[in-house]
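Colleague: Read in my numbering, the sequence shown has 72 at position 69, and its numbers run on one by one without any break. I have a structure here, written as structure tokens, and I will follow up with some questions on it.
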Amino acid sequence: MEKRIPFGNFIKILESHRLILLGEIHGTKEIPLKVKSIIRGVARKINFVFLEIPKVQQKYVDRYLMTNNEQYLYEIPFFRNPLKEGRDSKENLFLIRNIKNLQSKYPKIKIICVDSDKEVDRDYFMYKEIKKYLKGGINIFITGNIHANKEIVRINKRELKPCGYYLKKWLRNDLITVNFAPIRGRFYNLKIRDIQDKKLRRGGIFSSKIKGYDFEYRLRKVSPCSFL
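Below you can see the structure in the form of structure tokens.
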């Protein structure tokens, strides 16, 4: 039987790396809460939290972070996306608020938007943006699970070099990746979609059996996210 990894041990392992990639399925209520717990666990050492949000949105995020005006949080244009693709969920918006709240105790934590506003070469673009900022301490990149993969991914006979692939070539063993893997439930990405992974049975944190990830954070059940 697979050995479940206690959360405290998991955090200690993450803390020994410069960059932590958290690969999620966009569009659940539950995964952002798990991400929040991980961030809190390593907060005292964090320099940057990178988000898969277009770089052009940075000024709106900064406006909120530099004030105590809660209305500015709700005015970030990215989270008013009519497509409703899951990255723009209310839960991810509130994750920004949670990180801001941590800044009162850990003021060195900064939030950086690293995505391109174009579809071409997004993974390489995000890699270059992260590379510009990465110095010391611990850093976290919250992104989709494909972008977090450290290996070349093949989708519909097409090869994709994920952001994690470029980061691995650069950082080598200073990079660690976590794949959030719901066992069953539903999520919202452009529409409500179902999940039923019959191969997975136990929830918790495990060493990943999927190439390209170090850990698998399994959630027993997920539900669709909400939107503004």
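Every residue gets a Cβ at the ideal spot worked out from N, C-alpha and C, and that includes glycine. As the structure is a computational prediction, the values presented were derived from the model and not from experiment.
(1) Does DSSP classify residue 38 as helix, strand or coil?
(2) In the DSSP assignment, find the unbroken alpha helix (DSSP H) run with residue 209 in it and report its ends.
(3) DSSP on residue 213, reduced to helix/strand/coil?
(4) Is it buried or exposed for residue 188, if we count other Cβ within 10 angstroms and need 16 for buried?
(5) Name the two residues that bound the continuous alpha helix (DSSP H) containing residue 16.
(6) Give the secondary structure of residue 67 by DSSP, where H, G and I count as helix, E and B as strand, and everything else as coil.
(7) CA-CA distance, residue 162 and residue 123?
(8) From the DSSP output, which residues share a beta bridge with residue 162?
(9) Beta-carbon within less than 8 Å of residue 7's beta-carbon, same chain only, minus the 5 sequence neighbours each way: which residues are those?
(10) For residue 109, which residues of its own chain have a beta-carbon under 8 Å away from its beta-carbon, when the five flanking residues on both sides are left out?
(11) For the alpha helix (DSSP H) containing residue 133, name the first residue and the last one.
(12) Indicate the three-state DSSP secondary structure (helix, strand or coil) for residue 152 in the structure shown.
(13) Pull up the CB-CB distance for residue 120 and residue 59, whole angstroms please, since I reckon it's below 8 Å.
(14) Measure the CB-CB distance between residue 165 and residue 152 and report whether it falls below 7 Å.
(15) Could you name the residues of the same chain whose beta carbon sits closer than 6 Å to that of residue 24, not counting the 5 residues immediately before and after it, in chain order?
(16) Would residue 227 and residue 195 qualify as a contact pair, given that the criterion is a beta-carbon distance under 7 Å?
(17) Following the continuous beta strand (DSSP E) through residue 27, name the residue where it begins and the one where it ends.
(18) Answer with buried or exposed for residue 80, where buried requires no fewer than 16 other C-beta atoms within 10 angstroms of its C-beta.
(19) Over the uninterrupted alpha helix (DSSP H) stretch that includes residue 75, give me the two end residues.
(20) With the cut-off set at 7 Å, would you say residue 230 and residue 32 are in Cβ contact?
(21) Under the criterion of a Cβ to heavy atom distance below 6 Å, does residue 145 qualify as lining the ligand GTP?
(22) Tell me where the alpha helix (DSSP H) around residue 100 begins and ends.
Modeller: In terms of the structure at hand:
(1) helix
(2) Unbroken run through residue 209 is the beta strand (DSSP E), 207-210; no alpha helix (DSSP H).
(3) Residue 213: coil per DSSP, three-state reduction.
(4) buried
(5) 10-17
(6) DSSP places residue 67 in the helix class (H, G or I) of the three-state scheme.
(7) 14 Å
(8) Secondary-structure assignment with DSSP links residue 162 through a beta bridge to 157.
(9) 205, 207, 208 and 209
(10) 46, 47 and 49
(11) Counting along the chain, the alpha helix (DSSP H) containing residue 133 begins and ends at 125-136.
(12) In the three-state reduction of the DSSP assignment, residue 152 falls in the coil class, being assigned neither a helical nor a strand state.
(13) 5 Å
(14) yes
(15) Once the five neighbours on either side are set aside, the close Cβ partners of residue 24 are 144, 151, 167 and 180.
(16) yes
(17) 22-27
(18) exposed
(19) 73-77
(20) no
(21) Among the components modelled here there is no ligand, and therefore nothing to report on the ligand GTP.
(22) 93-106
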